[in-house]
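Residue numbers (our numbering): 317 to 651.
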Amino acid sequence: MRDKKVCIIILAYTVLMIAISLVGNNFLLDMVVLTGLWAFAAQAWNIAGGYSGQFSLGHCAFFGIGAYTSSILYCNTGLSPWVGMLIGGVIAAIVAAVYSGICNKLKGHFFALATLALGQIMYIASVQLTSITKGSVGINIPFKPGFLNMIFNSRATYAYIILTFVLLLTLFTYFIQKSKYGYFLYAIRDNERAAISLGVRGLQLKMGSFAVSAFFTAIAGTFYAQYILFIDPDSLLVLFLAVQMAIIAIIGGTGSYLGPLLGSVILIPLSMLLRAKINFVSGLDNLIYGLILMAVVLFLPDGLLPFILKIFKNRTGKKAMEKYPKGELNLDAKV
């Protein structure tokens, strides 16, 4: 069954790659790229927020670390962003592990506020360290197309790359979810004291999941920087980015490898279409978008994916979700 799930994921990826080659509309390609980018970022956030219960409002810090590290190295030394992306990911992972260890005793909204502070610290640092980050002026990345520079003339190439990233991260989180490590994370999320009493190493697992989450979030930051070719504190290190990652995962369904994908596929195109089509009244698109999010949160607090699975289970008569504890999605059940 596991191999079947993997084959379905890879088949969906292949179909998307073929479809992209047939799309010539730049708006649609932008939509694909941004949907993929936010799916990747939300998937990364979900490793910490969904699996281990470390609800973060500071992931913009790791996003910014990835973008600034690769951009500074590329602009100042000519180092390929592919290499800078990995360096930024490692730096973000180290910062995340240390910060998670320091905040280990904080739970729930207190932990969220602590991570929010981390984002603000990184914002202030990026504004003040003008000799490195150029402060509020920002960094313009020179347009020099080439694979090693991660800069391309065609938006379709960016779409191929980000969808490949999404595929790899989705498979990674899928195997985490079904592994012993994944069940340990679920145990920590649902009842940390009970898990520790049974021998689960809570601190190490939480630090590890937060570090892995930060690593992939930094990779998303590098891709974003190379796509728009400009970075500054107000486009990277703001609360909106962190909230966006969390909302996408929550709307789709946290603690599942499919939830962030579903959330991104629905929310990002919806946001872009509202912005493009409903522009005759300033702010109306944001109002409608906010009302839709509010309705989903109020009526579907567990996210869209559990709701869809429940409907499917009722129609087929299968008890697909009953074998798993509350909060965990049984996506391997025979539905």
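By construction, the Cβ of each residue, glycine as well, lies at the ideal position given by its N, Cα and C atoms. Just so you know, these numbers come straight off a predicted model, no measurement behind them.
Query                                                                                                                                                                    : Result
I'd like the span of the alpha helix (DSSP H) that includes residue 346, first residue to last.                                                                          : 342 to 362
Could you give the DSSP three-state label for residue 456: helix, strand or coil?                                                                                        : strand
Look at the alpha carbon of residue 336 and the alpha carbon of residue 572, and state the distance between them as a whole number of angstroms.                         : 26 Å
Please list, in chain order, all residues of the same chain as residue 566 whose beta carbon is under 7 Å from its beta carbon, the five residues on each side excluded. : 619
Would you call the CB atoms of residue 349 and residue 503 closer than 7 Å?                                                                                              : no
Determine contact between the segment 541 to 548 and the segment 321 to 336, defined as no fewer than three beta-carbon pairs at a distance below 8 Å.                   : no
So, using beta-carbon positions, are residue 407 and residue 385 closer together than 7 Å?                                                                               : yes
Quick check: the Cα distance between residue 533 and residue 357, rounded to an integer number of angstroms?                                                             : 5 Å
Using a Cβ-Cβ cutoff of less than 7 Å, which residues in the same chain neighbour residue 434 once the five nearest sequence positions on both sides are dropped?        : 374, 377, 415
Given a cut-off of 7 Å, decide if residue 345 and residue 428 are closer than it, judged by their beta-carbon atoms.                                                     : no
Which full runs of the alpha helix (DSSP H) of 4+ residues lie inside the segment 552 to 583, going along the chain?                                                     : 555 to 568
Once you ignore the five residues that flank residue 466 on each side, which residues in its own chain have a CB closer than 7 Å to its CB?                              : 397, 398, 542
Under three-state DSSP, which class holds residue 594?                                                                                                                   : coil
In whole angstroms, what separates the C-alpha of residue 379 from that of residue 552?                                                                                  : 7 Å
Buried or exposed for residue 446, please, with buried defined as at least 16 other CB atoms from any protein chain shown within 10 angstroms of its CB.                 : exposed
Could you tell me the alpha carbon to alpha carbon distance between residue 623 and residue 405, rounded to whole angstroms?                                             : 34 Å
Are residue 557 and residue 568 touching if we call contact CB-CB under 7 Å?                                                                                             : no
If we ignore side chains and look at the alpha-carbon of each, how far apart do residue 329 and residue 362 end up?                                                      : 20 Å
Roughly how many angstroms lie between the CA atoms of residue 353 and residue 509, to the nearest whole one?                                                            : 36 Å
Have a look at the DSSP bridge pairing and note the partners of residue 547.                                                                                             : 455
Is it buried or exposed, residue 520, if we count other Cβ atoms within 10 angstroms and call 16 or more buried?                                                         : exposed
Where does residue 462 sit, in a helix, a strand or coil, going by DSSP?                                                                                                 : strand
Quick one: Cα of residue 529 to Cα of residue 606, how far?                                                                                                              : 27 Å
Check each candidate in 588, 436, 442 and name the one with the smallest Cα separation from residue 601.                                                                 : 588
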